[in-house]
Amino acid sequence: MAGINMQQLMKQAQQMQKKLAEAQESMNEVTVDASAGGGMVKVTVDGNMQLQSVTIDPDALDPEDVDMLQDMIVAAVNEAYRGVAEIANKRMSAATGGMGTGMPGMPF
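Residues in the sequence shown are numbered from 1 upward in steps of one, following our numbering.
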């Protein structure tokens, strides 16, 4: 094919692969805090989508309304996951020049 330099394409692919690895590695340093119920439930999720901590205000402990506490925990965790995914998408997009993320084996 005229105009295609295979060596240049390989070099670009290797550079992108390196940038993706660096972006993925940088996610190890990420933590996202989120809360629900006006701060009654607080969670921390790391850049690998692992829940690191859950803090529950004692005022949220109502034996008559366990469902509310469960809902607050789910809401806080989901908010934190969205935050990690947003950071990951930005970093991966920067690494790929906006070519998209959705890479197999990536947690985002």
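Yeah, the Cβ is synthetic: ideal placement off N, Cα and C, and Gly gets one too.
These numbers come from a predicted model, not from an experiment.
What are the partner residues of Thr31, as DSSP defines its beta bridges?
Here residue 31 refers to the residue found at position 31 when the sequence shown is read from its first residue. Note: Thr31 sits in a beta bridge opposite Asp46.
In whole angstroms, what is the alpha-carbon distance linking Ile56 and Val41?
Taking the first residue of the sequence shown as position 1, residue 56 is located at position 56. Taking the first residue of the sequence shown as position 1, residue 41 is located at position 41. A direct Cα-to-Cα measurement between Ile56 and Val41 gives close to 5 Å.
Beta-carbon spacing of Val43, Ala76 below 7 Å:
Start at 1 with the first residue of the sequence shown, and residue 43 comes out as number 43. Start at 1 with the first residue of the sequence shown, and residue 76 comes out as number 76. Yes, the pair counts as a contact, with Cβ atoms nearer than the cut-off.
Using C-beta distances below 6 Å, list every residue in its chain close to Val32, excluding the 5 sequence neighbours before and after it, in chain order.
To locate residue 32, count along the sequence shown from 1; it is residue 32. Result list for Val32: Val45, Ala80, Gly83 and Val84, in chain order.
Nearest candidate by alpha-carbon position, reference Ala60, set Gly37, Met27 and Met49:
Taking the sequence shown and counting its residues from 1, the one referred to as residue 60 is at position 60. Looking only at Gly37, Met27 and Met49, the smallest Cα-Cα distance to Ala60 is reached by Gly37.
Quick one: measure Cβ to Cβ for Asn48 and Asn28, integer angstroms, because I've assumed they're closer than 8 Å.
Taking the sequence shown and counting its residues from 1, one reaches residue 48 at position 48. Taking the sequence shown and counting its residues from 1, one reaches residue 28 at position 28. Cβ atoms of Asn48 and Asn28 come within 8 Å of each other, at about 7 Å.
Helix, strand or coil: how does DSSP classify Leu61 here?
Within the sequence shown, residue 61 is the residue found at index 61, counting from 1. Leu61: coil per DSSP, three-state reduction.
To the nearest angstrom, report how far apart Asp65 and Met72 are at their CA atoms.
Within the sequence shown, residue 65 is the residue found at index 65, counting from 1. Within the sequence shown, residue 72 is the residue found at index 72, counting from 1. Their backbone Cα atoms lie some 11 Å apart in a straight line.
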